[in-house]
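Colleague:
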Amino acid sequence: MYDLYAEEILDHYKFPRNRGKMDNPDRVYHDHNPLCGDEVTIMLRIEDGRVKDVKWEGQGCTISMASASMLSEAVKGKSLEELRTWGKEHVLDLLGIPLGPVRLKCALLPLKALKAAVWGLEGTEEHEET
Ligand code: FES
Numbered sequence: 014m015y016d017l018y019a020e021e022i023l024d025h026y027k028f029p030r031n032r033g034k035m036d037n038p039d040r041v042y043h044d045h046n047p048l049c050g051d052e053v054t055i056m057l058r059i060e061d062g063r064v065k066d067v068k069w070e071g072q073g074c075t076i077s078m079a080s081a082s083m084l085s086e087a088v089k090g091k092s093l094e095e096l097r098t099w100g101k102e103h104v105l106d107l108l109g110i111p112l113g114p115v116r117l118k119c120a121l122l123p124l125k126a127l128k129a130a131v132w133g134l135e136g137t138e139e140h141e142e143t
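When we follow the working numbering, the leftmost residue of the sequence shown carries the number 14, and every step to the right adds one.
Here you go:
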């Protein structure tokens, strides 16, 4: 059962979805894991209070990169209001495998960056939420 999830994780790691740059994102946030130096930057295009598009860049372990890729697919079309309620269970659901405390930090790195972007921390531009 977990093999299927592991395959999916590897697939996202090898063929990351939505990875790349975005011109003039409405929100951008960069975060890193101080323990290993891995990093993720999340860029959001927001329209009518929803995520119209998302891109991310980063480098890191299989779990952190797969988590960023999976999250990027999951957030498209979601409202900022909804995303503010997302927590680690969303990421764990996406990954589908149990994780120890170290791997959990890997998995949650992209979520931390996403949440900060959603809350508008270090936003590149003021953007009116409607
Ligand atoms: Fe650095 Fe996973 S080892 S985030």
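Cβ atoms here follow ideal geometry from the backbone N, Cα and C, with glycine treated the same way.
1. May I ask you to verify whether the region 18–38 touches the region 66–85, counting CB pairs closer than 8 Å and requiring at least 3?
2. Is the CB-CB distance between Gly71 and Val53 below 8 Å?
3. How about Glu121: is its Cβ closer than 7 Å to a heavy atom in the ligand FES?
4. With DSSP run on the structure shown, which of helix, strand or coil describes Thr75?
5. Assuming contact is defined by CB atoms lying nearer than 8 Å, are Leu93 and Val131 in contact in what I supplied?
6. Taking DSSP as the reference, what is the three-state secondary structure of Arg30?
7. Between which two residues does the alpha helix (DSSP H) carrying Arg116 extend?
8. Distance, Cα to Cα, Val41 vs Ala19?
9. Applying the criterion that 16 or more other CB atoms from any shown protein chain within 10 Å of the CB defines a buried residue, is Gly100 buried or exposed?
10. Does DSSP classify Asp16 as helix, strand or coil?
Modeller: Walking through what the data contain:
1. yes
2. yes
3. At residue 121 the sequence reads Leu, which differs from the Glu that was named. Outside the cutoff, so no.
4. helix
5. yes
6. coil
7. Pro114 to Trp132
8. 29 Å
9. exposed
10. helix
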